[in-house]
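> Taking the UniProt record's numbering, I'd label the letters of the sequence shown as residues 1 to 395.
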Amino acid sequence: MVGKTEVTVPKNSDKYNGIRIDQLHRLNQNNISAWNMNRMMNAINTSMLTTVDEQFQDAISDEDETFMHITSDNEAKVAAKKIFCNVVEPRSKYIYLEDLMRFFPEDEALKMIRLFDEASETKGISKQALKNWVVNVFRERRALALSLKDTKTAVDKLHQMLNAVVGIVIIVISLLILKVATSQFFIFLSSQLVLVAFVFGNTCKTMFEAIIFLFIVHPFDVGDRCEIDGVQMIVEEMNILTTIFLRYDNQKISYPNSVLSTMPIANYNRSPDMGEAIDFCIHVSTPAEKVAKMKEMITSYVEKKSSHWQPRPVIVVRDVEDLNRLKMSIWLSHRMNFQDMGERWKRRALLMEEMIKIFKDLDIEYRMLPLDINVRYMPELTSNRFPSNWAACAT
Numbered sequence: 001m002v003g004k005t006e007v008t009v010p011k012n013s014d015k016y017n018g019i020r021i022d023q024l025h026r027l028n029q030n031n032i033s034a035w036n037m038n039r040m041m042n043a044i045n046t047s048m049l050t051t052v053d054e055q056f057q058d059a060i061s062d063e064d065e066t067f068m069h070i071t072s073d074n075e076a077k078v079a080a081k082k083i084f085c086n087v088v089e090p091r092s093k094y095i096y097l098e099d100l101m102r103f104f105p106e107d108e109a110l111k112m113i114r115l116f117d118e119a120s121e122t123k124g125i126s127k128q129a130l131k132n133w134v135v136n137v138f139r140e141r142r143a144l145a146l147s148l149k150d151t152k153t154a155v156d157k158l159h160q161m162l163n164a165v166v167g168i169v170i171i172v173i174s175l176l177i178l179k180v181a182t183s184q185f186f187i188f189l190s191s192q193l194v195l196v197a198f199v200f201g202n203t204c205k206t207m208f209e210a211i212i213f214l215f216i217v218h219p220f221d222v223g224d225r226c227e228i229d230g231v232q233m234i235v236e237e238m239n240i241l242t243t244i245f246l247r248y249d250n251q252k253i254s255y256p257n258s259v260l261s262t263m264p265i266a267n268y269n270r271s272p273d274m275g276e277a278i279d280f281c282i283h284v285s286t287p288a289e290k291v292a293k294m295k296e297m298i299t300s301y302v303e304k305k306s307s308h309w310q311p312r313p314v315i316v317v318r319d320v321e322d323l324n325r326l327k328m329s330i331w332l333s334h335r336m337n338f339q340d341m342g343e344r345w346k347r348r349a350l351l352m353e354e355m356i357k358i359f360k361d362l363d364i365e366y367r368m369l370p371l372d373i374n375v376r377y378m379p380e381l382t383s384n385r386f387p388s389n390w391a392a393c394a395t
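(1) Per DSSP, what kind of secondary structure is Asn38 in: helix, strand or coil?
(2) Starting from the C-beta of Ser258, find all residues in its chain whose C-beta is less than 6 Å away, skip the five residues before and the five after it, and write them out in chain order.
(3) So, Met238 versus Ile253, is the Cβ gap smaller than 9 Å?
(4) With contact counted as at least three CB pairs below 8 Å, one residue from each stretch, are the stretch 218-225 and the stretch 131-147 in contact?
(5) Determine which residues share a DSSP beta bridge with Gln232 and list them.
(6) Assuming contact is defined by CB atoms lying nearer than 9 Å, are Leu214 and Ile240 in contact in what I supplied?
(7) Can you pull the DSSP bridge partners for Met238?
(8) When the Cα atoms are used, what is the spatial distance from Met341 to Asp361?
(9) Opposite Ile211 in the DSSP bridges: which residues?
(10) Determine, using beta-carbon pairs with one atom in the stretch 278-291 and one in the stretch 365-372, whether at least three such pairs fall under 8 Å.
(11) Following a CB-centred definition, is Thr243 positioned closer than 8 Å to any heavy atom of the ligand ATP?
(12) Nearest CA to the CA of Lys93: which residue from Asp229, Pro105, Gln128, Lys77?
(13) In whole angstroms, what is the alpha-carbon distance linking His334 and Met40?
(14) Suppose the cutoff is 7 Å on Cβ atoms and the five residues either side in sequence are ignored; what does the same chain contact list for Ala154 look like?
(15) Compute the Euclidean distance between the alpha carbons of Ala79 and Glu89, then round it to the nearest angstrom.
(16) Go ahead and pull the three-state DSSP assignment for His159.
(17) Have a look at Ile216 and Gly230 and give me their C-alpha separation to the nearest angstrom.
(18) Three-state secondary structure (DSSP) at Leu27?
(19) To the nearest whole angstrom, what separates the beta carbons of Ile358 and Met297, a pair I think is in contact under 8 Å?
(20) Measure from the alpha carbon of Val314 to the alpha carbon of each residue in Ala277, Leu100, Tyr268, Leu326, then state which is nearest.
(21) With DSSP as the reference, label Met263 as helix, strand or coil.
(22) Kindly indicate the opening and closing residues of the alpha helix (DSSP H) around Trp345.
(23) Excluding the 5 residues preceding and the 5 following Lys131 in the sequence, name in chain order all residues of the same chain whose CB lies nearer than 6 Å to its CB.
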């Protein structure tokens, strides 16, 4: 287990020497300087996520250091497993606060264990919870690096366009100062500018709207899950004029930024912990004792899965339909947003499976209304009419 985790770059880098965790804790939006911001951007763009303690970095060769970098989800899971095995006590299934205090001061250990959930301080950190946390950190860091890369590319292109405009202005001013150009020349130049404005006016307007949308509004970053026109997509690439999205079936869709600026965009990644609603029906004759027991068992399961769900779910009877069924709903909140949609459906499926098990254990079911069948004609019990293929089968 590492003593202190820090962002590192290869030893031959002279531009960046790392930012310690305690230094990061002291930085915020009000006191961060341009120099520190540049150091952090260099850390994201040029370094790898690593778990090597700074006291061992000088003893590791450049060849060995590459094996400590986390570059994929699988490597993040392997690193989490190694950390768990090195920190946890023998034959223990959880990491407790006392285990972390062997590597960190008490205040740092408390901050770390509270990164998981409120119950971790008493119940401990499981291996699966640690794996999920490390994988999420790696994914967020990778998305941030891609976002910085695309933003830098867009800024460079904008810089080139501004350089061209400034160059033209400087040339015109120089001609005026040196008295090289005559009034007739500027009359001719202005007529050409009117023609250019007529031809490229709409393009300039579109480009200006796209720049405002990309740098001022900035509703998403690379890797964010967004919903546009009812379709969920992942931001794949951001350019000045267009943004490329990746749909659920891996189809790439390109949207002009000027069009996106006029559309409502739902961003799952920037949303807080999101809620879930599950509707189901039971028969109207279900005893109140069974309904109360069902609510108790569902609530117990949700609170037991404290790493997945917020406590105290709301279970209510919403309506009576057709006088034979009660429509009920469970309203509860995840401990995550829906950026990872696959994880959302996995947690929901586990809850649904537990609910089905509870319904079977309590013998709670839904029955259709009884139907009256009036028989007005009964055929004879004996008949010589048989299907056409019976004779063939008999032979």
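From the three backbone atoms N, C-alpha and C, an ideal C-beta is built for every residue, glycine too.
This structure is a prediction, so every number in the text was calculated from the model and none was measured.
Put simply:
(1) The residue you call residue 38 lines up with position 38 of the sequence shown. Here Asn38 carries a helix assignment [DSSP, helix/strand/coil].
(2) As a first step, residue 258 must be located in the sequence shown, where it is residue number 258. Same-chain partners within the cutoff: Thr206, Glu209, Ala210.
(3) Residue 238 sits at position 238 when you count from the first residue of the sequence shown. Residue 253 sits at position 253 when you count from the first residue of the sequence shown. No, Cβ-Cβ distance for Met238 and Ile253 is not below 9 Å.
(4) yes
(5) Here residue 232 is taken as the residue at index 232 of the sequence shown, counted from 1. According to DSSP, which records beta bridges pairwise, Gln232 is partnered with Glu227.
(6) What you label residue 214 is simply residue 214 of the sequence shown in a count that begins at 1. What you label residue 240 is simply residue 240 of the sequence shown in a count that begins at 1. Yes, the pair counts as a contact, with Cβ atoms nearer than the cut-off.
(7) The residue labelled residue 238 in the question sits at position 238 within the sequence shown. Beta-bridge pairing links Met238 to Thr243.
(8) The sequence position of residue 341 within the sequence shown is 341, counting from 1. The sequence position of residue 361 within the sequence shown is 361, counting from 1. If you take the alpha carbons of Met341 and Asp361, they lie about 31 Å apart.
(9) Translated into the one-based positions of the sequence shown, residue 211 becomes position 211. Answer by DSSP bridge pairing: none, since Ile211 is not bridged.
(10) yes
(11) No copy of the ligand ATP occurs in the structure displayed, which carries no ligand at all.
(12) Taking the first residue of the sequence shown as position 1, residue 93 is located at position 93. Ranked by Cα distance from Lys93, the first of Asp229, Pro105, Gln128, Lys77 is Gln128.
(13) Indexing the sequence shown from 1 puts residue 334 at position 334. Indexing the sequence shown from 1 puts residue 40 at position 40. Roughly 31 Å between the two C-alpha positions.
(14) Residue mapping note: residue 154 aligns to position 154 of the sequence shown, counting from 1. Leu214, Met238, Asn239, Ile240.
(15) Within the sequence shown, the letter at position 79 stands for residue 79. Within the sequence shown, the letter at position 89 stands for residue 89. Their Cα atoms are separated by approximately 18 Å.
(16) On the sequence shown, residue 159 is found 159 positions in, with the first residue counted as 1. In the structure shown, His159 sits in a helix (DSSP, three-state: H, G or I).
(17) Within the sequence shown, the letter at position 216 stands for residue 216. Within the sequence shown, the letter at position 230 stands for residue 230. If you take the alpha carbons of Ile216 and Gly230, they lie about 24 Å apart.
(18) If you number the sequence shown from 1, residue 27 lands on position 27. Correct three-state label for Leu27: coil.
(19) Working through the sequence shown from its first residue, we reach residue 358 at position 358. Working through the sequence shown from its first residue, we reach residue 297 at position 297. Correct: roughly 5 Å between the Cβ atoms.
(20) Taking the sequence shown and counting its residues from 1, the one referred to as residue 314 is at position 314. Ranking Ala277, Leu100, Tyr268, Leu326 by Cα distance to Val314 puts Ala277 first.
(21) For this step, residue 263 is matched to residue 263 along the sequence shown. Met263: coil per DSSP, three-state reduction.
(22) The count along the sequence shown starts at 1 and reaches residue 345 at position 345. Where Trp345 is concerned, the enclosing alpha helix (DSSP H) stretches over 341-361.
(23) By 1-based counting over the sequence shown, the position of residue 131 is 131. Closer than 6 Å at the Cβ level, and outside the excluded window around Lys131, lie Lys77, Ala80.
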